[in-house]
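Okay, structure first, notes after.
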Amino acid sequence: MRLILLFCCFITKVTPKSENIFSENASYLKVLNLNTWGLSWPWSKDREHRFIALRDEIVNGNYDIVLLQEVWLRKDYDVLRPALPYVTYYQTLNGNCFGTFLPLGCSGLTILSKHPMQDAKMYPFQFKGTFWNFDGEVFVGKGVAKARILWNGFTVDVFTTHLISYTNHPNQDNAKFRYMQALETVRHIRNSDADIKLFGGDLNTLPITDSREPYGILSTVLTDSLIDKFPRASFSPYYSTFGNKKNTYTRDFVPERIDYLMYANSPKIKMKTFDYHVPNFYTVSSHGYKISLSDHEPIVGVFAVERTANISLSDKKHYYKKNELQQKQKQYNLHVDSSEPHSNLVRRRHFLSKY
59 MRLILLFCCF
69 ITKVTPKSEN
79 IFSENASYLK
89 VLNLNTWGLS
99 WPWSKDREHR
109 FIALRDEIVN
119 GNYDIVLLQE
129 VWLRKDYDVL
139 RPALPYVTYY
149 QTLNGNCFGT
159 FLPLGCSGLT
169 ILSKHPMQDA
179 KMYPFQFKGT
189 FWNFDGEVFV
199 GKGVAKARIL
209 WNGFTVDVFT
219 THLISYTNHP
229 NQDNAKFRYM
239 QALETVRHIR
249 NSDADIKLFG
259 GDLNTLPITD
269 SREPYGILST
279 VLTDSLIDKF
289 PRASFSPYYS
299 TFGNKKNTYT
309 RDFVPERIDY
319 LMYANSPKIK
329 MKTFDYHVPN
339 FYTVSSHGYK
349 ISLSDHEPIV
359 GVFAVERTAN
369 ISLSDKKHYY
379 KKNELQQKQK
389 QYNLHVDSSE
399 PHSNLVRRRH
409 FLSKY
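Residue 59 is where the sequence shown starts when you use the numbering used here, and the numbers rise one by one after that.
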């Protein structure tokens, strides 16, 4: 009896499920998300060098879609704008923002795409915080940015946001405002009729699945691409997005995962996280020192996408089972610099640097 049970467990483990089968016609969507730390001096460091290096990474990284937060200043937006053929207009997502020195009225959100962008909108948050926390949140223009992108015959609605900051003080943590902002974000995502919905952003909160937490709220309508690929990695420091031990600005902080890349697909679409990693990107400062591109680390996700009508289990030779998909991933990984270990990210806990 024990042998039979072991055999059944073995079959269950190694037999690929239907969601791990894609045809040779599957498309692969590569997405980058990053909180850029775009505050002006003295609230950030080496900003000009970092944004130039980020532009070069976007140009050379073969990304289909790029989601950015904290692009507060117009001149930094202008540096990034030529990196891909399509980009949201600065004023569309930063309507009441001058974009010169302070981020007053700015959302800091930017979406770039290799593929045609049909529409872009900004949905300002109704709940912005309180003046009495003295964190500056009521003066910025945070909200949810949305862009519709046409990719390989699919409609892709892309959403990005940067939820309200937090502190270590229990009475000034902005928890209730993050909760309300998460509900607003989910409402806009639910209203989308796109084939694919992509979300990337800084939630300023840990991946707690409780329905009263922002991550738990978003998880009701979206799939976390990290968990989709590595189900047990949610709290692994290996995938932290702030306080990364390889980050030259925040390596002394406790590593936490507060930035996310998530997705949802319509029933006629089959979608799976093909690759997920948190790379360490570096450049050189004006003094010749090695520096990270932000105080956060980027997230890079690659998604396998295919119309369900293309999938026929009777024609096995045209399909990748799980092990074949992994072989294709190894080929993809040849284009990823594996010499640098993946990074971990951490939050800033001082006034104004956490917009």
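Glycine included, every Cβ here is placed at the ideal spot set by N, Cα and C.
State buried or exposed for alanine 362, treating a residue as buried only when at least 16 other CB atoms are found within 10 Å of its CB.
Buried, by the Cβ-count rule.
Using the Cβ count rule (16 or more neighbours within 10 Å means buried), how would you classify threonine 278?
By the 10 Å Cβ count, threonine 278 comes out exposed.
Please state whether the Cβ-Cβ distance between serine 344 and tyrosine 307 is less than 8 Å.
Their beta carbons are not under 8 Å apart, which means serine 344 does not touch tyrosine 307 by this criterion.
May I have a chain-ordered list of the alpha helix (DSSP H) segments no shorter than 4 residues that lie completely inside the stretch 329-364?
Listed in chain order, nothing qualifies, since the stretch 329-364 has no complete alpha helix (DSSP H) run of 4 or more residues.
Restricting to Cα atoms, I'd like to know which of Ala233, Leu261, Ser223 and Ile275 is closest to arginine 248.
The shortest Cα separation from arginine 248 among Ala233, Leu261, Ser223 and Ile275 belongs to Ile275.
If you draw a straight line from the C-alpha of aspartate 310 to the C-alpha of glycine 301, how long is it?
Taking the straight line from one Cα to the other gives about 7 Å.
Leaving out the 5 sequence neighbours to the left and right, which residues in its chain are closer than 7 Å to leucine 160 when beta-carbon positions are compared?
Hits under 7 Å: none found.
Quick one: what's arginine 206 bridged to in DSSP?
BP columns for arginine 206 point to Asp177 and Asp215.
Relative to the C-alpha of isoleucine 327, which residue among Glu364, Val214 and Arg108 is closest?
Comparing Cα-Cα distances from isoleucine 327 to each of Glu364, Val214 and Arg108, the minimum goes to Glu364.
Please check the pair asparagine 91 and glutamate 128, which I expect to be a contact at CB under 8 Å, by giving their CB distance rounded to whole angstroms.
Rounded, the Cβ-Cβ distance is 12 Å, inconsistent with contact.
Flag this pair as yes or no: are the beta carbons of methionine 180 and leucine 138 separated by less than 8 Å?
It is not a contact, given that the beta carbons lie outside the stated cut-off.
Would you kindly work out how many angstroms separate the C-alpha atoms of tyrosine 273 and leucine 261, rounded to a whole number?
The alpha-carbon atoms of tyrosine 273 and leucine 261 are separated by roughly 8 Å.
Who does threonine 281 pair with in a DSSP beta bridge?
Tyr321, per the DSSP bridge assignment.
By the DSSP assignment, the beta strand (DSSP E) with isoleucine 169 in it spans what residues?
Its beta strand (DSSP E) spans residues 168-171.
Just to confirm before moving on: does the CB-CB distance between aspartate 253 and threonine 213 stay below 8 Å?
Contact flag set, yes.
If you reduce the DSSP assignment to three classes, tell me which class aspartate 253 lands in.
Coil at aspartate 253, not helix or strand.
Going by CA-CA distance only, name the one from His173, Leu126 and Thr243 that's closest to leucine 112.
Considering only alpha carbons, the answer is Leu126.
First and last residue of the beta strand (DSSP E) that includes leucine 126?
Residues 123-127.
Once DSSP output is grouped into helix, strand and coil, what is the label at phenylalanine 156?
The answer is coil: DSSP assigns phenylalanine 156 none of H, G, I, E or B.
Please list the terminal residues of the continuous beta strand (DSSP E) segment that includes lysine 133.
Per DSSP, lysine 133 belongs to no beta strand (DSSP E); it is in the alpha helix (DSSP H), 132-138.
Which term fits valine 117, buried or exposed, when burial requires 16 or more other beta carbons within 10 angstroms of its beta carbon?
Result: exposed.
Is it buried or exposed, proline 36, if we count other Cβ atoms within 10 angstroms and call 16 or more buried?
One cannot answer for residue 36 here, as it falls past the ends of the chain, which runs 59 to 413.
I'd like the list of long-range same chain contacts for serine 269, defined as Cβ closer than 6 Å, with 5 residues on each side in sequence excluded.
There are no such residues.
Classify leucine 106: buried if its beta carbon has 16 or more other beta carbons within 10 angstroms, exposed otherwise.
First, the residue type needs correcting, since residue 106 is glutamate and not leucine in the sequence shown. The residue in question, glutamate 106, is exposed, as its Cβ has fewer than 16 Cβ neighbours within 10 Å.
Enumerate in chain order the residues of its own chain whose CB-to-CB distance from lysine 172 is below 8 Å, with the five nearest sequence positions on each side excluded.
Answer for lysine 172: Tyr121, Asp122, Ile123, Leu142, Pro143 and Tyr144, listed in chain order.
Between valine 198 and glycine 163, is the Cβ-Cβ spacing less than 8 Å?
In this structure, glycine 163 lies closer than 8 Å to valine 198 by Cβ.
Between which two residues does the beta strand (DSSP E) harbouring lysine 88 extend?
That run of the beta strand (DSSP E) goes 85-93.
Is it buried or exposed, proline 100, if we count other Cβ atoms within 10 angstroms and call 16 or more buried?
Exposed: under 16 other Cβ atoms inside 10 Å.
So, under 8 Å CB-CB, valine 216 and isoleucine 169 are touching, yes? Tell me the CB distance rounded to an integer number of Å.
Indeed, because the Cβ distance is near 6 Å, the residues count as touching under 8 Å.
Determine the DSSP secondary structure at phenylalanine 183, reduced to helix, strand or coil.
If DSSP states are grouped into helix, strand and coil, phenylalanine 183 belongs with coil.
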